[in-house]
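Engineer: Residue numbers (my numbering), protein chains in the order written: chain G, 638 to 763; chain C, 30 to 762. Backbone N, C-alpha and C define an ideal beta-carbon position, used for all residues, glycine too.
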């Protein structure tokens, strides 16, 4: 599966990508929301977006809202440096929201799997 | 899980450093313009990024510190907190604390826990609580005694953390651009570099090997058709790729070589700087007044040379003070300034550095040296009397020779000139020469290679045996037809650009056993003779060699201890074929050639007609030519005086009384035509034979020679000793 990772901190971006790749996914990188939009339209194979929250100009949550308003229904996981609860309250339709920390090695693959399972179940239901 | 995020740590350190720099800059800007929201945004993001990536790497103390810093900056950003100088200082402390942690991580140390007092202070500041805890911060003036105390306490808390290096602003300002490295580590590196380059020679050899294989006739296989031609094509491609690889590697290695050597280069000032004071002190202690002028101390040499150079240079300087510069009253009588002058200078000359130590003293007293050599039993009175000025000066390099009548503290004790010479020639692969001007001073010149680590080496073949020459001694390699070899004074010479150069066959000089010597037919395969012309100072020698094998930068390895007494071999190199090759030491070869020359020549004491020996003045700017003409004439019983150019010749002719003058044409200061003209104006020389010897064979030159009054005009190409001697005999009657 191809996943788009969006983070303006290139180091964090690559670390996230490494985690995602370690469980067998292909990764595309974008360094901000604008870049992410371009990558999405250029690569139709992208099946999921994992974005950092805190980015200059357009934040992760703004990116999510923009995508949804454009009718892009891809699963979207938001990563943040802070507590995720506030963000989930603010935007309950997020597929996932988690803190970037050292446990990301386990929690992120788990969350990817959960989100994908949910999508599969939903699509199966239709 | 297999993934290890730890491998991102190095990158984290790099990026965190950038962010910390940005934080520092941002805080500076904040003090000047606290309301610049773009700036606050920027530093907030830096703190945030450090927090984010450190958290992913489980660098908790960094995360915590960055987190608290971010909170304060966040409060500043949304305006819930106002900037104050006190807050600024706290933020600086926070950034310093962060920096200390990151540097600790970079060193590979365990991270200490985050500084609790710093974090608390930041947390309180973020909440705006600082007002309640430290009620005077925003309300009162900066001069309030409490505030500095509180901040001071925080500072000392940070400093007293045992595991945390104290944030030191000073050390951040002067980022070091040098690193101290132990000398032996550098030596090892350079030695290794040499080995790498030597081993690269083997790759080059492999390239030659594959080319040979390529050229091999596959014979029957070629009849097999396709498969074989495919193989050939593959081989060819492989050979081409290999060549490119070897060449590319060679470029890199040459750069590595020069870069590595530069690391060990030091300026001569290390040796030269203390010299001025030392000379003045020495002079004071012996009651002389001496000034010392130093130049060229910026020239750089390999540290190996610098280390060993100090002793010989100091010894020569001591000599100059002690023996060179005269007592003040002697100088006065001689009409010189009472204050003597010693110059120490260095300059670069091709692959050499020339260091000159000269004084304007009395020069080396030739007669005193001659007497002393006899008295000390170095040579017999007759032999001493036969030595010319140059040879007498060379006597001072004999072990145990010292010219000072009283052994003083300064020189003439312990180390002598022989040690100086051994050090320069043997240890440093250099050359010592002396220029003596009686009454006007002495100049010692030390020629040294820039580095001993690697040398340009020419490999030649003699009788199928390879020998090496370090390139700084080699002036040229040329092929001449056998017919250009002349016999003068019972030895072979060639004329190279208006100069006689003695020719020596290396196989004779090295006494290579006859079974090795190729038959003449084999040698005739080549057109003429291949001559390797070597030079030390002004002394040249042409060596007959069979072939030039290779020319490369090589590491010259010293001889093993038990072979050190072989003075003719200065070291060894390894070739691509893993052969050991001797490097012949040119100064020793020249000395041997000179000795062989004087031994072979029997000076005929038979005088020319009339009983008293006839005196001949030989004027030529080439040392080799002068010496050879001198040998020829002395062999026939003439008494010879040498002059090195027209002006010198004129002076000597006027001072002395010669029966004949032999002169070259092209010379500095005054040419041979002018000299002849001037001599003809002098009553003493109006009717004396003057012979011009030159390589100018043009008719108009000959006419000019006759016009200015020469009696004979000999072209060097036709030179033949009997010719010259016959002419002289005819002219002198």
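Among the residues of its own chain, which have a CB less than 8 Å from the CB of residue 409 of chain C, if the five just before and after it don't count?
Structural biologist: Answer for residue 409 of chain C: 403, listed in chain order.
Engineer: Give a yes or no on whether 8 Å exceeds the smallest Cβ distance from residue 44 of chain C to chain G.
Structural biologist: So, interface residue.
Engineer: By Cβ distance, which residues of its chain are closer than 8 Å to residue 514 of chain C, with the 5 residues on each side in sequence left out?
Structural biologist: These residues qualify, in order along the chain: 521, 522, 523, 532, 558.
Engineer: At which residue ranges does the segment 430-517 of chain C contain complete alpha helix (DSSP H) runs of 4 or more residues, listed in the order of the chain?
Structural biologist: Counting only runs of 4 or more, we get 446-451.
Engineer: With a threshold of 8 Å between beta carbons, is residue 749 of chain G in contact with chain C?
Structural biologist: Output row for residue 749 of chain G: interface = no.
Engineer: Taking beta-carbon pairs under 7 Å, can you tell me which members of the segment 77-108 of chain C lie near chain G?
Structural biologist: Taking 7 Å as the Cβ-Cβ cut-off against chain G, the residues of the segment 77-108 of chain C that qualify are 77, 78, 80, 81, 82, 84, 85, 86, 87.
Engineer: Which residue comes first and which comes last in the beta strand (DSSP E) that contains residue 529 of chain C?
Structural biologist: Per DSSP, residue 529 of chain C belongs to the beta strand (DSSP E) from 529-534.
Engineer: Can you name, in chain order, every residue of its own chain whose Cβ lies under 8 Å from the Cβ of residue 95 of chain C, other than the five neighbours on each side?
Structural biologist: Excluding positions up to five away in sequence, the list reads 76, 77, 79, 80, 83, 127.
Engineer: For residue 604 of chain C, count neighbouring C-beta atoms within 10 Å of its own C-beta (all shown protein chains included) and say buried if the count is 16 or more, exposed if not.
Structural biologist: Buried, because 16 or more other Cβ atoms sit within 10 Å of the Cβ of residue 604 of chain C.
Engineer: Does the contact criterion of 3 or more C-beta pairs under 8 Å hold for the segment 307-318 of chain C versus the segment 344-352 of chain C?
Structural biologist: They touch, by the three-pair rule.
Engineer: Please confirm whether residue 601 of chain C and residue 613 of chain C have their CB atoms less than 8 Å apart.
Structural biologist: Result no, Cβ atoms of residue 601 of chain C and residue 613 of chain C do not sit closer than 8 Å.
Engineer: Please determine if the segment 274-291 of chain C and the segment 218-237 of chain C are in contact, where contact requires at least 3 C-beta pairs separated by less than 8 Å.
Structural biologist: Segments in contact, yes.
Engineer: Thinking C-alpha only, which one of G/716, G/684, G/680 is nearest residue 653 of chain G?
Structural biologist: Per the Cα distances, G/716.
Engineer: Given this structure, state the Cα-to-Cα distance separating residue 595 of chain C from residue 496 of chain C, to the nearest angstrom.
Structural biologist: Cα-Cα distance, rounded: 15 Å.
Engineer: I need the DSSP call for residue 540 of chain C, collapsed to helix, strand or coil.
Structural biologist: Residue 540 of chain C: coil per DSSP, three-state reduction.
Engineer: Flag residue 701 of chain G as yes if its beta-carbon sits less than 8 Å from any beta-carbon of chain C, otherwise no.
Structural biologist: Residue 701 of chain G does not count as touching chain C.
Engineer: Under 8 Å Cβ to Cβ from residue 225 of chain C, same chain only, skipping five residues before and after it: list those, please.
Structural biologist: Closer than 8 Å at Cβ, skipping near neighbours: 282, 285.
Engineer: Could you name the residues of the same chain whose beta carbon sits closer than 7 Å to that of residue 234 of chain C, not counting the 5 residues immediately before and after it, in chain order?
Structural biologist: If we look at residue 234 of chain C and ignore the five residues flanking it on each side, its Cβ neighbours are 605, 606.
Engineer: Starting from the Cα of residue 415 of chain C, find the closest Cα among C/406, C/399, C/381 and give me that residue.
Structural biologist: Comparing Cα-Cα distances from residue 415 of chain C to each of C/406, C/399, C/381, the minimum goes to C/399.
Engineer: Applying the 10 Å Cβ sphere with the 16-neighbour rule, what's the burial state of residue 47 of chain C?
Structural biologist: The residue in question, residue 47 of chain C, is exposed, as its Cβ has fewer than 16 Cβ neighbours within 10 Å.
Engineer: According to DSSP, is residue 673 of chain C helix, strand or coil?
Structural biologist: In the structure shown, residue 673 of chain C sits in coil (DSSP, three-state: anything other than H, G, I, E or B).
Engineer: Measure the CB-CB distance between residue 471 of chain C and residue 579 of chain C and report whether it falls below 8 Å.
Structural biologist: Not a contact, by the Cβ cut-off of 8 Å.
Engineer: List the residues of chain C that residue 691 of chain G touches, going by C-beta distances under 7 Å, in chain order.
Structural biologist: 77, listed in chain order.
Engineer: Alpha carbons only, please: which of C/486, C/564, C/498, C/571 is nearest the one belonging to residue 508 of chain C?
Structural biologist: Ranking the options by Cα distance to residue 508 of chain C, first place goes to C/571.
Engineer: Would you say residue 51 of chain C lies against chain G (beta-carbon separation less than 8 Å)?
Structural biologist: Not closer than 8 Å to any Cβ of chain G, the Cβ of residue 51 of chain C fails to qualify, so no.
Engineer: Per DSSP, what kind of secondary structure is residue 645 of chain G in: helix, strand or coil?
Structural biologist: Coil.
Engineer: I need the straight-line Cα distance from residue 663 of chain C to residue 753 of chain C, nearest angstrom please.
Structural biologist: Cα to Cα, residue 663 of chain C sits roughly 12 Å from residue 753 of chain C.
Engineer: When you compare the CB positions of residue 639 of chain G and residue 677 of chain G, do they come within less than 8 Å of one another, or not?
Structural biologist: Not closer than 8 Å, so no.
Engineer: Tell me the DSSP secondary structure of residue 41 of chain C in three-state form.
Structural biologist: Note: residue 41 of chain C maps to helix in three-state DSSP.
Engineer: So which of C/648, C/647, C/585, C/569 has the shortest CA-CA distance to residue 620 of chain C?
Structural biologist: The option with the nearest alpha carbon to residue 620 of chain C is C/569.
Engineer: Mind checking whether residue 517 of chain C and residue 616 of chain C have CB atoms under 8 Å apart?
Structural biologist: No, they are not a contact pair.
Engineer: For residue 541 of chain C and residue 491 of chain C, which I take to be in contact (beta-carbon distance under 8 Å), what is that distance rounded to the nearest angstrom?
Structural biologist: Correct: roughly 7 Å between the Cβ atoms.
Engineer: Can you pull the chain C neighbours of residue 708 of chain G, defined as C-beta to C-beta under 7 Å?
Structural biologist: Per Cβ cutoff of 7 Å: no residues; residue 708 of chain G is ~31 Å from chain C at best.
Engineer: Just checking my contact of residue 656 of chain G with residue 721 of chain G at CB under 8 Å: how many whole Å lie between their CB atoms?
Structural biologist: Their Cβ separation, rounded to whole angstroms, is 17 Å, which puts residue 656 of chain G and residue 721 of chain G out of contact at 8 Å.
Engineer: Could you confirm whether any beta carbon from chain C is found closer than 8 Å to the beta carbon of residue 687 of chain G?
Structural biologist: Not one chain C Cβ lies under 8 Å of residue 687 of chain G.
Engineer: Closest by CA to residue 264 of chain C, which one among C/244, C/275, C/274?
Structural biologist: It is C/244.
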